[in-house]
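Accompanying notes for the structure given below.
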Amino acid sequence: MSSLKTSVPATSSGDRPSLLLHNLPGDDHKPITRVSEVQSAIAKAKTKNNILIFLGTSGCGKTRTCYELLCENWGLYFVASKQGNGGSSDIERISSAFNERKTQDFEKNREIAVGIVRCAILARLLILRYCMKNESFNKQRWLLIQVCQNIFGKIYNYDDDIFRVLMLKLIACPPLSVTALISEIYTKFDKETFIIVLDEIQVLETVDKGKFRSRTNEHEERSLLSPIVQAMKEPASSVSDNRCFIPCGTGLGILSLEEVLNTGILKPETDILKFTEFGEWQNIDDVKNYISKLVELTDHDYNDLYYRFRGRFRPIVTCVEDIIMGKSVTNVVDGNWNLLTKHETSKQSLYKQLSGIIERERPNHVKKINVLNLYKKVALVYYYSGSPFLFTNIDQMSIVESGFGRLRFVDPPTKSDLKKICDDDNMLEISSVDAESMFPAYAGENSLVAYVDEPFAIVALSNFFKNNGELPDEILEIMSIASNPSACGTLWQTYIPKEFEQMFNGEVNVSMMPIFSEIAKKYDLPAFCIGSPKLVKSSKQSMPLTKNATTSGYTLNEFFTESSDERPAFFIPDDRCGPDLIFFVKFEEVEVPVFVQIKLRYSIKTIAGALTYPADVRQESFVTNGPNGRYELRASQDKLIGIIDQENASTVFHKDHLRFLDVLKNTMKRKKTDEEEKTGEGSKSKKKQKRAKK
């Protein structure tokens, strides 16, 4: 690795570099986040209620955006949890200060807590007013004092938390004098928007729960978050409207926060604006442009970082910080990947978030939604189709946003929208969203949705459910309860890859495989059939097992031209392509494509007659490997055709799969009978049977 190209500040603890603090706006440095868009959102918020909620998952860039915003606007930065975040512990101390003074009167409790919070605000304002006596003092330096006060404390030989200490002293002051002084200092900032940020707000959602009540419904319990939000939204009754309060955090309960904002004051707020567009790594060049200003890496390193950690910003930033500390790129990438996707104890691990549910460290039911089942659906969708999962249901979004989903505003199409351009009912169901589940969003308007599409998030989900043996079993369970025959066929098509993965495991000679063994007894197998065929599969953990042309946009041409490491193991082409499934297997000398035609006959009651023709060897046109790695049609090449029927199904498929197929046959037969009765064919058939009996 090349040497560090520029100086990088350290964290508050001094044990590692902090790119969060690197090159903050001011002097010659410009913002790298979407601060200009935030400023526009703040302007809109000021016309409504002076509140702008920052929504986004952990590591999406919220805190850096807050820092850059406060380098361009005078304001206050509070953090609800100092651990790992730096800053003052004044907000953390509010709970104990309140509990020392609490009463049995809920409204009195609110008054006490609001008064303490206003003392925290005044403490900041008094120190800011003092610092501004120095003409060279600027917004960036004020931000750094708030988030890295221990560094400045060392300069002035002061090792305590000055903001917390002053807040506690101000509590003894009469509340009216506190608000009067707040109003007086606020007048110095009338010419520009004054910002108050409360970061890591999710920490407060359960603190002192039940010690406060809603101001619009006295039976609804509230936590300490309610009076804190009330005070920060309106620090004093006569402050300028040229201000904005920004609550910010991860795992934010969207609806519950809005309830807090509404019920913490006597006049409910409506239409509270939210900002979610914090950005993401756009491409490899975006990653390279950021890192190369700090250290120089190889193209392979840039590619590996982007491929594994594309999406939110923090994972790649953490990797770069580790590299700056002298660790090898390979160890850094592998270490952080394993930390996010496999680690069972680290708080940073997405895997740990899931195991914590099983270990009862986190609730498995939120608003009557089974959290593990919800995450399992996400894993299944990606694992079997290669498509990201999109949530429009507000309750589900609040769950996945805790770490696995990224929030965006989009205008997703509903089924009625798509009917204008598509007549296929199945495609309409797959491609649209249920407008009824989008509350409080509305069809036809920009709606808040959550995407789960980042490689490390998907792999963490897959690792967890595969380690618990739940992915294949889950899809079989879904298949067994599906009532629509078309849906059953589609589900079977997505489950079949797991059967072929086990079938072509490279451990059984082709002549001994149940699907080909009877052929081998009667005929010589084609010349390429030497050894034990093994599924050609990418070594990349984040590569989905299957991609579906319909749902992922992945094309047949891409599947045939990409290297085995860059493509999924299985491809489900468009319905018009012919085969239902395509994959590659490796023999001793050659790699050949396998085309699967799936036939489910509803006229057969049991598995015994599910598939019809005997296995055979034929001379037909065959797609094979051509020059330059491309696949071309070549006539009269050996083609090995294997059929799964009543003779070999029990040796090819496992028992659960066979039971499912029996259920599926009966389901499809009932469907055909119902259709015949609707058209009158069923009654004709029954009459013929009665006549025959006579």
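By full-length UniProt numbering, the letter at position 357 of the sequence shown is numbered 357, and the numbering carries on one by one without gaps.
Glycine included, C-beta positions come from ideal geometry on N, C-alpha and C.
A residue is called buried once 16 or more other Cβ atoms fall within 10 Å of its Cβ, and PRO174, having fewer, is exposed.
In this structure ARG129 is exposed. Its beta-carbon is surrounded by fewer than 16 other beta-carbon atoms within 10 angstroms. CA-to-CA, the gap between LYS233 and VAL333 works out to about 42 Å.
Within the same chain, PRO25, THR65, GLU68, LEU69 and GLU72 come within 8 Å of VAL35 by CB-CB distance, once the 5 residues on both sides are set aside. In this model, ILE145 and GLU92 are separated by some 18 Å (Cα to Cα).
Taking each of TYR156, PHE465 and ARG215 in turn and checking the Cα distance to ASP105, the smallest one comes out for ARG215. C-alpha of ASN303 to C-alpha of ALA80: approximately 37 Å in a straight line. Looking from the CA of VAL295, the closest CA among TYR306, ASN283 and VAL329 belongs to VAL329. Secondary structure of LYS274 (DSSP, three-state): strand. Burial check for GLY311: the Cβ neighbour count within 10 Å reaches 16 or more, so the residue is buried. Taking the Cβ atoms as the reference, ALA120 lies roughly 5 Å from MET167, within the contact range of under 8 Å. Considering only PRO497, PHE528 and GLU507, the residue with the shortest C-alpha distance to VAL596 is PRO497.
Note that the C-beta distance between SER355 and PRO455 is not below 8 Å.
GLY87 sits away from PHE313, with the two beta carbons spaced by 8 Å or more.
Three or more Cβ pairs drawn from the region 561 to 571 and the region 529 to 546 lie within less than 8 Å of each other, which places the two stretches in contact. Taken atom to atom, the span from the alpha-carbon of LYS342 to that of ASN463 is near 7 Å. Shown here, ASP199 sits in a strand according to DSSP, grouped into three states. Put simply, the backbone Cα of PHE587 is about 41 Å away from that of ILE323.
DSSP, read as helix, strand or coil, puts ARG64 in helix. The beta-carbon separation of THR57 and ARG406, rounded to 6 Å, stays under the 8 Å limit for a contact. Where ILE572 is concerned, the enclosing beta strand (DSSP E) starts and stops at 570 to 572.
Apart from the 5 residues on each side of it in sequence, ASP159 sits with its Cβ closer than 6 Å to the Cβ of GLY153 in its chain, given in chain order. The alpha-carbon of PHE98 is positioned some 38 Å away from that of ASN23. The residue among SER40, VAL317, GLU200 and THR651 with its C-alpha nearest the C-alpha of TYR77 is GLU200.
The DSSP-derived three-state label of LEU19 is coil. With a cutoff of 8 Å on beta-carbon distance, GLU37 and GLU277 are scored as near each other. Sequence-distant Cβ neighbours of PHE504 in its own chain, meaning closer than 7 Å and more than five residues away, are PRO533, LYS534, LEU535 and VAL585.
Here CYS131 is exposed: its Cβ has fewer than 16 other Cβ atoms, across all protein chains shown, within 10 Å. The alpha carbon of TRP142 has as its nearest neighbour, out of ILE155, ILE127 and TYR156, the alpha carbon of ILE127.
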